[in-house]
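Chemist: Let me give you the structure first, and then I'll get to my questions.
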Amino acid sequence: MRSAFTKTEIRAVAFDIDGTLYPDFRLYWRLPAYFLKNLRFFLAFQRVRKRLHTENGILPPYAGTAEEQPGAAFRRRQAELLGAELGIPPAEAAEKISAVVYEGLKPFFRRIKPYAGTAEVFSALREAGFKLGILSDFPPAQKGSVWGLAPMCHAVLSSEETGALKPAAQPFRALAGALQVPPAEILYVGNSLRSDILGAKAAGMKTALILHPAAVLQRKKKQACDIYFYSYRQFLRDVVNCG
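Residue numbering for the sequence shown follows the numbering used here, beginning at 1141 and increasing consecutively.
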């Protein structure tokens, strides 16, 4: 277990969004009425996303064709699966995903605040010469400017656009390519053991895991990552040595 990384070891720091830059509960406690209103859709959509995460572990990314980019191929597959779940045409399923998830959740994110200290961390890392990135399964644009953090980044990506969800290697490779930094010199910060930590590690990146202070007994998570932290103030102070 490491306590810090220096600029001789990493040249870029990249972040997940959901549960990493903001606590999940700040979204969840706002959603009950919206979730119940769209209950059948959300239950089916959760099953579809779970299947897509699993498929990406055993199948190549959805590469599309010369006329179809990987992101479009991924969304087509997602719509086909949801359409089968709901008994509706894929085109109608795609419209529902856009209306309920991609667009429908935007107003909720406008009322959510990120973890304290995130802006300070991004500013300090950038001033110290690190490249910054964001890689999220869902489109980052769903969160607008990501609380002012996206404009500070050198690369902002959605896994969907690569044709695969985390923990598949393709999103992390695309991130490294966009940052123009070798995976071994990137520190990826996330909150999910499987999607973020194990996915980034398999792609050759170093990993940092944000934990809830009550997670003191989560030994498996702590052992899987290179470093872990409980707040962004701690991350700035102890994890990355900007000097």
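Glycine included, each C-beta is placed from N, C-alpha and C at the ideal position.
No experiment lies behind these values; they were computed from the predicted model shown.
Could you tell me the alpha carbon to alpha carbon distance between residue 1145 and residue 1297, rounded to whole angstroms?
Modeler: 24 Å
Chemist: Terminal residues of the continuous beta strand (DSSP E) containing residue 1296?
Modeler: 1295 to 1298
Chemist: Verify whether the separation of the beta carbon atoms of residue 1372 and residue 1345 is less than 8 Å.
Modeler: no
Chemist: In or out: residue 1168 buried (at least 16 other Cβ within 10 Å) or exposed?
Modeler: exposed
Chemist: Going by C-alpha to C-alpha distance, which of 1234, 1286 and 1236 sits closest to residue 1258?
Modeler: Out of 1234, 1286 and 1236, the CA that lies nearest to the CA of residue 1258 is found in 1286.
Chemist: Determine the burial state of residue 1291: buried for a count of at least 16 other Cβ atoms within 10 Å of its Cβ, exposed for fewer.
Modeler: Label assigned to residue 1291: exposed.
Chemist: Could you check the C-alpha separation between residue 1152 and residue 1162 for me, to the nearest Å?
Modeler: Residue 1152 and residue 1162: Cα-Cα distance of roughly 21 Å.
Chemist: Do you know offhand how far residue 1227's Cα is from residue 1276's?
Modeler: 29 Å
Chemist: With DSSP run on the structure shown, which of helix, strand or coil describes residue 1158?
Modeler: strand
Chemist: Can you give the Cα-Cα distance for residue 1263 and residue 1234, rounded to whole angstroms?
Modeler: When the Cα atoms are used, residue 1263 and residue 1234 turn out to be separated by approximately 37 Å.
Chemist: With a floor of 4 residues, list each alpha helix (DSSP H) that falls wholly inside the segment 1195 to 1277, ordered by position along the chain.
Modeler: Segments of the alpha helix (DSSP H) lying fully in the segment 1195 to 1277: 1210 to 1226, 1230 to 1237, 1246 to 1250 and 1258 to 1267.
Chemist: State yes or no: is the C-beta of residue 1315 within less than 8 Å of the C-beta of residue 1154?
Modeler: yes
Chemist: State the start and end residues of the unbroken beta strand (DSSP E) segment that holds residue 1344.
Modeler: Taken as a continuous stretch (DSSP letters only), residue 1344 belongs to no beta strand (DSSP E), as it is neither H nor E.
Chemist: Checking the sheet assignment: what are the DSSP bridge partners for residue 1349?
Modeler: 1330 and 1368
Chemist: Does the beta-carbon of residue 1238 have 16 or more other beta-carbons within 10 angstroms, so that it is buried, or is it exposed?
Modeler: By the neighbour-count criterion, in which 16 or more other beta carbons inside 10 Å mark a residue as buried, residue 1238 falls on the exposed side.
Chemist: May I ask you to list the residues that DSSP assigns as paired with residue 1152?
Modeler: 1271 and 1326
Chemist: Using only the alpha-carbon positions, how far apart do residue 1382 and residue 1308 sit?
Modeler: Because the pLDDT of residue 1382 is 48, which lies under 50, any placement of that residue in the model is unreliable, and the question is left without a value.
Chemist: Take the Cβ of residue 1369 as the centre, count every other Cβ of all protein chains shown within 10 Å, and call the residue buried at 16 or more, exposed below.
Modeler: buried
Chemist: Beta-carbon separation of residue 1273 and residue 1295 under 8 Å?
Modeler: yes
Chemist: Quick check: residue 1166 and residue 1253, are their CB atoms within less than 8 Å of each other?
Modeler: In contact: residue 1166 and residue 1253 (Cβ atoms closer than 8 Å).
Chemist: At the 8 Å Cβ level, is residue 1157 part of the contact set with chain D, yes or no?
Modeler: Checking the listed chains, one finds no chain D in this structure; it contains a single protein chain.
Chemist: Tell me the DSSP secondary structure of residue 1335 in three-state form.
Modeler: Reduced to three states, the DSSP call for residue 1335 is helix.
Chemist: Would you please state the rounded distance, in angstroms, between the beta carbons of residue 1242 and residue 1210? I believe it to be under 8 Å.
Modeler: Not confirmed; about 17 Å, so no contact.
Chemist: Since residue 1249 contacts residue 1282 with CB under 8 Å, what's their CB separation in whole angstroms?
Modeler: 7 Å
Chemist: Using only CA atoms, which one of 1337, 1377 and 1255 lies nearest to residue 1361?
Modeler: 1337
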